[in-house]
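Colleague: Numbering-wise (my numbering), the sequence shown opens with residue 3 and increments by one.
This is the structure I want to talk about, given as structure tokens.
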Amino acid sequence: MKYRIIALFVIIFLNAVSFSLVFSQNSIIIEVKEQACVEDYSVRLKDIAVIKGVSEEIYDRLSNIEICLSPSPGVKRIIYPYLIKNRMREHNFLEENIKIIGNRCIVTLKTITISGEKIKEVALDYIKQKIKGEDIERKIEIIKVPRDVVAPGKDLSLKVIPLDYGNIKGLLSIFVGIYNGDHFYKKVPVFFKVQTFEYALVSVKNIKRFEKIKSDYVEIKKVETTGIRKDFLKDIDSAVGKRAKYSIQKNNVIFSDMIEKPPLINRGDFVDIKVIKGSVVVLCKGRAKKDGKLGEFIPVRNLVSNKDLLAKVENSKTVIIK
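Structure follows, in structure tokens:
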């Protein structure tokens, strides 16, 4: 009888131990933290809780379960136990095996404050790199320093967003991108006023329409070129000997479309009309009814027949009809 009682106690003890072992193997204890500060853009279970009662393999699976997205900088996100259970169930963990300790976790994002001065310097360095080596004088003025920006702190970097900013002059908006690794967070515009100064050909007197330009009519002068086209002339030889297509006022910057080569033949000039028919060439006198450059077709009056003909300018004295 005595041995039966001892045996019974042994059996009960072993069953209790066995039950305890089974419970410890199958139950997952999640101790939720009261507060957590995360770095990544998603909140994982390991960020907000202490995991107990599992093997190393199960721990690795549990710890990387994504619970939700991280809050924005300066914002708090509250995570409740039901959300943790839902995410664990989605990853095939049975609810009856989960024991959660704690009521909630208040989550914030680890951030860093980027000064507006720092953002401005990144944009300014970009402009300086873009204009490096150019033979143009520039005056760069910052219109307004951007505000400080609170951004996620992990793998932070600043770089100008590669847009087509065109010619670096006038009012300019440079966009500085804030990145966390390869992840784009936001862009911040930086506004500049850029004045350009270059040497250009300028008239020193009023020049009449069709007047032939002489060397003392123009000069090379440094002028502000911020608001003008790029096709202005930069040397005197490019204008001397040509004529003004229309009136040019004193102190005007001269552009390429303001002048032209003078015609070889002027309206009213007497010319030789050369008529070619096969191997036969006939010459007669005529008079130009329009200015003509080399290779252009102009109307001429045949002084013999008194008829108007269309002829091609060959040189300053001759036109051809074929």
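Even glycine gets a Cβ: it sits at the ideal position worked out from N, Cα and C.
Since the model is a prediction, treat every value here as computed from it, not as a measurement.
What residue from V34, K156, K276 has the CA that sits closest to K2's CA?
Modeller: The requested residue 2 does not occur in the structure, where the chain is confined to residues 3 to 324.
Colleague: Using the rule of at least 16 other Cβ atoms within 10 Å of the residue's Cβ for burial, across every protein chain shown, is S159 buried or exposed?
Modeller: As a first step, residue 159 must be located in the sequence shown, where it is residue number 157. Exposed is the call here.
Colleague: Looking at the strands, I want to know which residues DSSP matches up with F95.
Modeller: Walking along the sequence shown from the start, residue 95 turns up at place 93. DSSP output for F95 lists no bridge partner at all.
Colleague: Going by the DSSP bridge assignment, what does T113 pair with across the sheet?
Modeller: Along the sequence shown, read from residue 1 onward, the residue named residue 113 stands at position 111. Per DSSP, P154.
Colleague: With I121 as the anchor, note down where its beta strand (DSSP E) starts and where it stops.
Modeller: Here the question's residue 121 lines up with position 119 in the sequence shown. Run containing I121: none in the beta strand (DSSP E); it sits in the alpha helix (DSSP H), 118–132.
Colleague: Is any heavy atom in the ligand FAD found nearer than 7 Å to the beta carbon of Q251?
Modeller: The ligand FAD is not part of the structure shown, which contains no ligands of any sort.
Colleague: Compute the beta-carbon to beta-carbon distance between E221 and A246, rounded to the nearest angstrom, for a pair I have assumed lies under 8 Å.
Modeller: Here residue 221 refers to the residue found at position 219 when the sequence shown is read from its first residue. Here residue 246 refers to the residue found at position 244 when the sequence shown is read from its first residue. That pair is no contact at about 16 Å.
Colleague: With which residues is G288 paired in a DSSP beta bridge?
Modeller: Start at 1 with the first residue of the sequence shown, and residue 288 comes out as number 286. DSSP lists V273, N304 as partners of G288.
Colleague: Which of helix, strand or coil does DSSP assign to S65?
Modeller: By 1-based counting over the sequence shown, the position of residue 65 is 63. Three-state result, S65: helix.
Colleague: Please confirm whether A313 and V321 have their CB atoms less than 8 Å apart.
Modeller: One-based indexing of the sequence shown puts residue 313 at position 311. One-based indexing of the sequence shown puts residue 321 at position 319. In contact: A313 and V321 (Cβ atoms closer than 8 Å).
Colleague: Which runs of the beta strand (DSSP E) spanning at least 3 residues fall entirely within the stretch 152–223, listed in chain order?
Modeller: For the stretch 152–223, whole beta strand (DSSP E) runs of length 3 or above, ordered along the chain, are 158–162, 172–182, 185–205.
Colleague: Could you say which of K171, Q37, N317 lies nearest to E136 if we only look at CA atoms?
Modeller: Indexing the sequence shown from 1 puts residue 136 at position 134. The candidate whose alpha carbon is nearest that of E136 is K171.
Colleague: Near Y248, what residues of its chain come up, given a Cβ to Cβ distance below 6 Å and the 5 sequence neighbours on each side ignored?
Modeller: Here residue 248 refers to the residue found at position 246 when the sequence shown is read from its first residue. Closer than 6 Å at Cβ, skipping near neighbours: R211.
Colleague: What would DSSP say about I230, mapped onto helix, strand or coil?
Modeller: Within the sequence shown, residue 230 is the residue found at index 228, counting from 1. Of the three classes helix, strand and coil, the one that applies to I230 here is coil, per DSSP.
Colleague: Tell me, please, whether the CB atom of G288 is closer than 8 Å to any CB atom in chain B?
Modeller: In summary, chain B is missing from the structure at hand, where a single protein chain is found.
Colleague: With I50 as the anchor, note down where its alpha helix (DSSP H) starts and where it stops.
Modeller: In the sequence shown, the residue the question calls residue 50 occupies position 48. I50 -> alpha helix (DSSP H) spans 47–50.
Colleague: I'd like to know whether the C-beta atoms of I163 and G183 end up nearer to each other than 8 Å.
Modeller: Here residue 163 corresponds to residue number 161 of the sequence shown, with the count starting at 1. Here residue 183 corresponds to residue number 181 of the sequence shown, with the count starting at 1. No, the pair does not count as a contact, with Cβ atoms beyond the cut-off.
Colleague: Assess, as a yes-or-no matter, whether the stretch 280–288 is touched by the stretch 218–235 under the definition of 3 or more beta carbon pairs within less than 8 Å.
Modeller: No: fewer than three Cβ pairs fall under 8 Å.
Colleague: Can you tell me where the beta strand (DSSP E) with R149 in it begins and where it stops?
Modeller: For the purposes of this step, residue 149 is taken as the residue at position 147 of the sequence shown. Looking at the DSSP string, R149 is not in any beta strand (DSSP E), and its letter there is neither H nor E.
Colleague: Where does the unbroken beta strand (DSSP E) through I138 begin, and where does it stop?
Modeller: For the purposes of this step, residue 138 is identified with residue 136 of the sequence shown, where counting begins at 1. Note, I138: premise wrong, no beta strand (DSSP E); not H, not E.
Colleague: For S26, count neighbouring C-beta atoms within 10 Å of its own C-beta (all shown protein chains included) and say buried if the count is 16 or more, exposed if not.
Modeller: The count along the sequence shown starts at 1 and reaches residue 26 at position 24. With a pLDDT of 39 at S26, under the threshold of 50, the modelled position of this residue cannot be trusted; read the value that follows with caution. S26 is exposed by the Cβ-count criterion.
Colleague: Would F39 be called buried (16 or more neighbouring beta carbons within 10 Å of its own) or exposed?
Modeller: What you label residue 39 is simply residue 37 of the sequence shown in a count that begins at 1. The residue asked about is misnamed: residue 39 is Cys in this sequence, not Phe. Result: exposed.
Colleague: For L23, I'd like the list of residues in its chain whose CB is within less than 8 Å of its CB, leaving aside the five on either flank, ordered along the chain.
Modeller: Looking up residue 23 in the sequence shown gives position 21. Its pLDDT being 34, under 50, L23 is placed unreliably in this model, and the value from its coordinates should be taken loosely. Result list for L23: empty, nothing under 8 Å.
Colleague: To the nearest angstrom, report how far apart L311 and K141 are at their CA atoms.
Modeller: Locating residue 311 in the sequence shown gives position 309, where the first residue counts as 1. Locating residue 141 in the sequence shown gives position 139, where the first residue counts as 1. About 58 Å.
Colleague: What would DSSP say about L296, mapped onto helix, strand or coil?
Modeller: Walking along the sequence shown from the start, residue 296 turns up at place 294. Coil, per DSSP.
Colleague: On the criterion of 16 or more Cβ atoms from any shown chain inside 10 Å, does V152 qualify as buried, or is it exposed?
Modeller: As a first step, residue 152 is located in the sequence shown; it is residue number 150 there, counting from the start. It is exposed - the Cβ of V152 has fewer than 16 other Cβ atoms within 10 Å.
Colleague: If I'm right that C107 touches E36 with Cβ under 8 Å, what's the distance once you round it to whole angstroms?
Modeller: Within the sequence shown, numbered from 1, the residue matching residue 107 stands at position 105. Within the sequence shown, numbered from 1, the residue matching residue 36 stands at position 34. Sure, about 7 Å apart at Cβ, within 8 Å.
Colleague: Can you confirm whether the stretch 82–89 touches the stretch 115–130 when touching is taken to mean that 3 or more C-beta pairs between the two stretches lie within less than 8 Å?
Modeller: Verdict: no, contact absent.
Colleague: Here's the rule I'm using: 16 or more other beta-carbon atoms within 10 Å means buried, otherwise exposed. How should E59 be labelled?
Modeller: As a working mapping, residue 59 is identified with position 57 in the sequence shown. E59 is exposed by the Cβ-count criterion.
Colleague: Which of the three DSSP states, helix, strand or coil, is assigned to R106?
Modeller: Here residue 106 refers to the residue found at position 104 of the sequence shown. Correct three-state label for R106: coil.
Colleague: Whole angstroms are fine: how far does the CA of P83 sit from the CA of A51?
Modeller: Walking along the sequence shown from the start, residue 51 turns up at place 49. Walking along the sequence shown from the start, residue 83 turns up at place 81. So the alpha carbons of these two residues sit roughly 10 Å apart.
Colleague: For V77 and K189, what's the separation of their Cα atoms in angstroms?
Modeller: The residue you call residue 77 lines up with position 75 of the sequence shown. The residue you call residue 189 lines up with position 187 of the sequence shown. Each residue's alpha carbon lies about 19 Å from the other.
Colleague: Exposed or buried, which one is R79 when buried takes at least 16 other CB atoms within 10 Å?
Modeller: As a working note, residue 79 is residue 77 in the sequence shown. R79 is buried by the Cβ-count criterion.
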